[in-house]
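Undergrad: Counting from 61, one number per residue, gives the positions in the sequence shown under my numbering.
Quick reminder that beta carbons are idealized off the backbone N, C-alpha and C, glycines included.
This is the structure I want to talk about, given as structure tokens.
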Amino acid sequence: MNADKLKGKIKEKRFNYKTLANKIGIGETSMTQKLNKKQPLLLREVKRLRKILNLDDKETIEIFFN
């Protein structure tokens, strides 16, 4: 996962971690740990983030699968 790109997209879309965590169904602490690569992102979380952040296929691959 490219955490810096993901954090940039979160900032670009004007979300904070707490709001985004609530939207994907996890706690703020878990969200922070996932963004800092201390916990893995689950596939369902990746799918939810993709939808919420309106990521296209290229962005999704660059962020989550590199």
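#1: Please return the same chain residues whose Cβ sits closer than 6 Å to the Cβ of residue 62, not counting the five positions on each side in sequence.
#2: Using 8 Å for Cβ pairs, my map puts residue 67 next to residue 95. What's the rounded Cβ distance?
#3: With respect to the alpha helix (DSSP H) encompassing residue 95, which residues constitute its N-terminal and C-terminal limits?
#4: Classify residue 72: buried if its beta carbon has 16 or more other beta carbons within 10 angstroms, exposed otherwise.
#5: Judging by CA-CA distance, which residue of 100, 97, 64 and 109 is the nearest neighbour of residue 81?
TA: Short version:
#1: By one-based count along the sequence shown, residue 62 stands at place 2. Taken in chain order, the residues that qualify are 123 and 126.
#2: Residue numbering aside, residue 67 sits at position 7 when the sequence shown is read from its first letter. Residue numbering aside, residue 95 sits at position 35 when the sequence shown is read from its first letter. About 6 Å; that satisfies the 8 Å criterion.
#3: Residue mapping note: residue 95 aligns to position 35 of the sequence shown, counting from 1. Run containing residue 95: 88-95, per the alpha helix (DSSP H) assignment.
#4: Residue mapping note: residue 72 aligns to position 12 of the sequence shown, counting from 1. By the neighbour-count rule (16 or more Cβ atoms within 10 Å), residue 72 is not buried but exposed.
#5: For the purposes of this step, residue 81 is taken as residue 21 along the sequence shown, with counting starting at 1. Comparing Cα positions, the closest option is 109.
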